[in-house]
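Each remark here refers to the structure printed beneath this line.
Number of protein chains: 2
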Amino acid sequence: MDDERRLTAQGLERKQQLLDCAARLFAERGYADTRVIDIVRAAGVAKGLFYWYFENKEQLFRELAEEIRLRLRRSQGEAIDLDADALTRIREGAEASVRFMAINAPFFALLEVENIDKRFVDVLRQGTDVHVADVAAHIREGIAAGLIRDDDPVLLARGVVGIVGLYSHFHRTGRNEVPISELATFVGRFVVRSLAADEEIALAAEKKETRSVRATTAIRPGSSG
Amino acid sequence: MDDERRLTAQGLERKQQLLDCAARLFAERGYADTRVIDIVRAAGVAKGLFYWYFENKEQLFRELAEEIRLRLRRSQGEAIDLDADALTRIREGAEASVRFMAINAPFFALLEVENIDKRFVDVLRQGTDVHVADVAAHIREGIAAGLIRDDDPVLLARGVVGIVGLYSHFHRTGRNEVPISELATFVGRFVVRSLAADEEIALAAEKKETRSVRATTAIRPGSSG
DNA sequence: GGCCACATTGACCCGCTGGTCAGGCAGGTG
DNA sequence: CACCTGCCTGACCAGCGGGTCAATGTGGCC
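Each protein sequence line maps, in turn, to chains A and B. What the first sequence shows, in this note's numbering, is residues 3 to 227, in sequence order. What the second sequence shows, in this note's numbering, is residues 3 to 227, in sequence order.
Set out below in structure tokens:
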């Protein structure tokens with residue numbers, strides 16, 4: 003694939019179609035177990051066409067991964083109430099993430115390749131690092147305000163981001179019987195409890211009602227980012 | 003490989019040698035990227051010999067995974083003070099796990115395949131489920147005693163087990179600058195905070211000194227389980 | 001109509017890797 | 001010594017799957 007190729011409307015559509023098919027298949031059976039031939043077959047085109055739109059299988063994965071992270075971050079941003087205190091903001095972000103990941107489960111399953119494939123650690127780790135930095139900033143603010151117990155902010159942030167991913171993973175793999183909204187609340191509570199300076203603060207941060215949930219709508223396959 | 007083969011002392015040693023080499027290589031470059039030829043080369047033997055000791059690559063992996071889980075569980079059991087309260091026991095188990103996983107990092111990196119390879123979800127998930135059940139039992143006791151906040155014990159247990167694995171993963175992949183002992187304490191604190199009914203209880207559970215650390219010695223490669 | 005760039009096809013190539021196999025060696029036993 | 005069984009060898013096989021390529025279609029534009 004040549005970098006300076008101009009895609010027509012049809013071309014863009016075809017490319018997106020391949021991305022969608024790939025995402026679905028990766029989610030279903032994993033990256034390694036999805037052949038290029040499977041992807042093109044799912045899209046109903048010939049194998050050669052794949053290489054018209056993508057350099058190779060790896061590059062397609064990277065495109066997918068980046069797009070998803072971007073959408074998650076946007077959804078978090080929309081869910082966070084800028085006027086709220088740090089702890090509440092973290093809780094809102096965590097809850098939104100759980101919902102977002104649940105709704106877009108098939109897309110998100112991809113990102114779990116981090117642990118496995120050495121080729122992708124860079125893209126994926128970079129993705130989580132952005133979130134960790136976001137949360138760490140909130141945590142520092144919370145510590146300064148006396149809302150969050152005094153501990154290493156980055157370490158704590160890694161915990162928060164990790165926990166969200168963790169429970170989302172459980173949900174995705176069918177090990178949580180609870181409905182998503184309940185799970186999201188649970189995770190929010192868990193995160194708040196693990197950070198809060200004392201229980202009074204924790205209770206207060208748990209109480210505050212989350213506003214709209216407009217950020218938790220599913221990604222429409224076919225809508226390019 | 004035939005099930006009812008009698009291995010001589012030399013045979014057992016050779017088999018263990020192959021297991022050790024495989025574990026090291028899997029940890030270094032992952033399961034998929036480790037060829038059978040790499041394993042046998044590392045052990046300095048011919049390829050055919052691999053199939054004298056193992057049915058195939060997959061079975062070797064399963065043997066490794068099970069052995070590791072067993073050792074971790076044993077180490078946890080040794081670290082837990084049966085006379086202590088539930089929350090303290092959980093903290094002790096968590097800290098021991100972090101240390102154990104850190105010391106045996108190369109062995110543990112393997113288990114992270116859970117997310118990827120559909121073939122291994124059974125063995126690996128089964129492994130974590132055992133730990134979740136262990137922790138859930140402690141949590142139920144803690145809730146009954148008023149030490150742990152009243153929430154779904156299994157969900158909470160998944161969080162605890164997950165967090166331990168999470169921070170161990172970070173450490174393994176070089177994203178924690180802190181020394182292991184400090185990280186273990188941090189994780190213990192994190193876990194206690196996320197579970198404790200109130201901060202007074204949390205503080206108490208954090209304070210209690212962990213006894214011996216005899217359980218946190220590294221696995222000697224070559225010592226079969 | 002002729003040209004060009006995008007779009008599409010599917011047969012083909014090729015390296016890789018899991019697994020096989022026929023055979024050779026060593027040490028213990030009768 | 002003959003023999004058996006466990007141990008070990010490395011060339012070989014087969015299938016798979018990523019990636020290539022020459023040929024063809026197609027639609028817009030001068």
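All C-beta atoms in this analysis are idealised placements derived from N, C-alpha and C, irrespective of residue type, glycine included. Just so you know, these numbers come straight off a predicted model, no measurement behind them.
So is A44 (chain A) in contact with chain B if we call contact Cβ pairs under 7 Å? For the purposes of this step, residue 44 (chain A) is taken as residue 42 along the first sequence, with counting starting at 1. Not one chain B Cβ lies under 7 Å of A44 (chain A).
How many Å lie between S246 (chain A) and E80 (chain A) at the Cα? Residue coverage of chain A in this structure runs from 3 to 227, which leaves residue 246 (chain A) outside it and unanswerable.
DSSP state of A48 (chain A), grouped into three classes? In the first sequence, counting from the first residue as 1, residue 48 (chain A) sits at position 46. In this structure, A48 (chain A) counts as coil in the three-state DSSP scheme.
Cβ-based contacts, 8 Å cut-off: residues of the stretch 156-180 of chain B near chain A: L157, L158, R160, G161, G164, I165, L168, Y169, H171, F172, T175, R177, N178 and V180
Considering only the beta carbon of each residue, do F28 (chain A) and V42 (chain A) sit closer than 7 Å? For the purposes of this step, residue 28 (chain A) is identified with residue 26 of the first sequence, where counting begins at 1. For the purposes of this step, residue 42 (chain A) is identified with residue 40 of the first sequence, where counting begins at 1. For F28 (chain A) and V42 (chain A), no; Cβs fall outside 7 Å.
Give me the Cα-Cα distance between V194 (chain A) and V100 (chain A), rounded to the nearest whole angstrom. As a working mapping, residue 194 (chain A) is identified with position 192 in the first sequence. As a working mapping, residue 100 (chain A) is identified with position 98 in the first sequence. If I take the Cα positions, the gap works out to 14 Å.
Interface partners of D200 (chain A) on chain B, CB under 7 Å: On the first sequence, position 198 is the one that residue 200 (chain A) refers to. One finds E201 in chain B with Cβ atoms closer than 7 Å to the Cβ of D200 (chain A), taken in chain order.
I believe L21 (chain B) touches G164 (chain A) by the beta-carbon criterion, under 8 Å. Please report the beta-carbon distance rounded to the nearest angstrom. The residue labelled residue 21 (chain B) in the question sits at position 19 within the second sequence. The residue labelled residue 164 (chain A) in the question sits at position 162 within the first sequence. The Cβ separation is near 30 Å, so there is no contact.
Could you tell me which of A:A45, A:Q19, A:L185 and A:G148 sits nearest to G2 (chain B), measuring between CA atoms? Residue 2 (chain B) lies beyond the range of chain B shown here (3 to 227); nothing can be said about it.
Which one of B:D136, B:M103, B:I203 and B:G144 has the shortest CA to CA distance from V166 (chain B)? As a working mapping, residue 166 (chain B) is identified with position 164 in the second sequence. V166 (chain B) has its Cα closest to that of B:M103, out of B:D136, B:M103, B:I203 and B:G144.
Taking 6 Å as the line, does the beta carbon of G161 (chain A) fall inside it for any heavy atom of the ligand SAM? As far as ligands go, the structure on display features none, and thus does not contain the ligand SAM.
Please list the terminal residues of the continuous alpha helix (DSSP H) segment that includes V137 (chain B). As a first step, residue 137 (chain B) is located in the second sequence; it is residue number 135 there, counting from the start. Counting along the chain, the alpha helix (DSSP H) containing V137 (chain B) begins and ends at V123 to A146.
Could you name the residues of the same chain whose beta carbon sits closer than 7 Å to that of G148 (chain A), not counting the 5 residues immediately before and after it, in chain order? As a position in the first sequence, residue 148 (chain A) is number 146, starting the count at 1. The residues are A199.
Under 7 Å by beta carbon: chain B residues contacting S183 (chain A): Walking along the first sequence from the start, residue 183 (chain A) turns up at place 181. Result: empty, since nearest Cβ-Cβ is about 14 Å, beyond 7 Å.
If you count every other CB in all the chains shown that lies within 10 Å of the CB of L66 (chain A), and 16 or more means buried, which is it? Counted from its first residue, the first sequence places residue 66 (chain A) at position 64. Buried, by the Cβ-count rule.
Can you tell me the Cβ-Cβ gap for E69 (chain B) and I82 (chain B), rounded? I've got them flagged as a contact below 8 Å. By one-based count along the second sequence, residue 69 (chain B) stands at place 67. By one-based count along the second sequence, residue 82 (chain B) stands at place 80. Actually they are not in contact, since the Cβ atoms of E69 (chain B) and I82 (chain B) sit about 21 Å apart, beyond 8 Å.
Taking just the CA atoms, how far does L9 (chain B) sit from E15 (chain B)? Counted from its first residue, the second sequence places residue 15 (chain B) at position 13. Counted from its first residue, the second sequence places residue 9 (chain B) at position 7. Straight-line Cα distance between these residues: approximately 9 Å.
Mind pulling the alpha helix (DSSP H) runs of 4 or more residues that sit fully within the stretch 146-198 of chain A? 155-174 and 182-197
State buried or exposed for G129 (chain A), treating a residue as buried only when at least 16 other CB atoms are found within 10 Å of its CB. Residue mapping note: residue 129 (chain A) aligns to position 127 of the first sequence, counting from 1. By the Cβ-count criterion, G129 (chain A) is buried, with 16 or more other Cβ atoms from all chains shown falling within 10 Å of its own Cβ.
Any chance you could list the alpha helix (DSSP H) runs of at least 4 consecutive residues sitting entirely within the stretch 3-33 of chain A, in chain order? 11-31
Got a sec, what are the start and stop residues for the alpha helix (DSSP H) K210 (chain B) sits in? Mapped onto the second sequence, residue 210 (chain B) falls at position 208. Looking at the DSSP string, K210 (chain B) is not in any alpha helix (DSSP H), and its letter there is neither H nor E.
Here's the rule I'm using: 16 or more other beta-carbon atoms within 10 Å means buried, otherwise exposed. How should N58 (chain B) be labelled? Position 56 of the second sequence, counted from the first residue, corresponds to residue 58 (chain B). Under this definition N58 (chain B) is an exposed residue.
Chain-ordered chain B contacts of S99 (chain A) [CB-CB under 8 Å]: Mapped onto the first sequence, residue 99 (chain A) falls at position 97. By Cβ distance, chain B contributes nothing, its closest Cβ being about 15 Å from S99 (chain A), past 8 Å.
How is E57 (chain A) classed by DSSP in three states: helix, strand or coil? Residue numbering aside, residue 57 (chain A) sits at position 55 when the first sequence is read from its first letter. In this structure, E57 (chain A) counts as coil in the three-state DSSP scheme.
Does the stretch 84-94 of chain A come close enough to the stretch 133-146 of chain A that 3 or more CB-CB pairs lie under 8 Å? yes
Note the first and the last residue of the continuous alpha helix (DSSP H) segment covering T90 (chain A). The residue given as residue 90 (chain A) occupies position 88 in the first sequence. Unbroken alpha helix (DSSP H) run through T90 (chain A): A88 to I105.
For F192 (chain A), I'd like the list of residues in its chain whose CB is within less than 7 Å of its CB, leaving aside the five on either flank, ordered along the chain. Looking up residue 192 (chain A) in the first sequence gives position 190. Result list for F192 (chain A): I165, in chain order.
Rounded to whole angstroms, how far is the Cβ of C23 (chain B) from the Cβ of A44 (chain B), which I believe are closer than 8 Å? Position 21 of the second sequence holds residue 23 (chain B). Position 42 of the second sequence holds residue 44 (chain B). Sure, about 4 Å apart at Cβ, within 8 Å.
Please state whether DSSP places R76 (chain A) in a helix, a strand or coil. For the purposes of this step, residue 76 (chain A) is identified with residue 74 of the first sequence, where counting begins at 1. Helix at R76 (chain A).
Neighbourhood of D152 (chain A) by C-beta distance below 6 Å, restricted to the same chain and skipping five residues each side: In the first sequence, counting from the first residue as 1, residue 152 (chain A) sits at position 150. Setting aside the 5 residues that flank it on each side, D152 (chain A) is surrounded in the same chain by I145, each with a C-beta closer than 6 Å to its C-beta; the list follows chain order.
Reducing DSSP to helix, strand and coil, say where I70 (chain A) ends up. In the first sequence, residue 70 (chain A) corresponds to position 68, counting from 1. Residue state, collapsed to three classes: helix.
At a CB-CB cut-off below 7 Å, which residues of chain A make contact with A34 (chain B)? Residue numbering aside, residue 34 (chain B) sits at position 32 when the second sequence is read from its first letter. A34, listed in chain order.
Contact list for S196 (chain A) against chain B, beta-carbon separation under 7 Å: Here residue 196 (chain A) corresponds to residue number 194 of the first sequence, with the count starting at 1. Residues of chain B passing the Cβ test: F192, R195 and S196.
I want to see whether chain A comes within less than 7 Å of A206 (chain B), judged by CB atoms only; does it? Sequence index remark: in the second sequence, residue 206 (chain B) carries index 204 (1-based). With 7 Å as the cut-off, A206 (chain B) does not count as an interface residue toward chain A.
Using a threshold of 7 Å, state whether the C-beta atoms of F56 (chain B) and L157 (chain A) are closer than that. To locate residue 56 (chain B), count along the second sequence from 1; it is residue 54. To locate residue 157 (chain A), count along the first sequence from 1; it is residue 155. For F56 (chain B) and L157 (chain A), no; Cβs fall outside 7 Å.
Measure the alpha-carbon distance for G190 (chain B) versus E208 (chain B) and round it to whole angstroms. Sequence index remark: in the second sequence, residue 190 (chain B) carries index 188 (1-based). Sequence index remark: in the second sequence, residue 208 (chain B) carries index 206 (1-based). Rounded to the nearest angstrom, the two C-alpha atoms are 7 Å apart.
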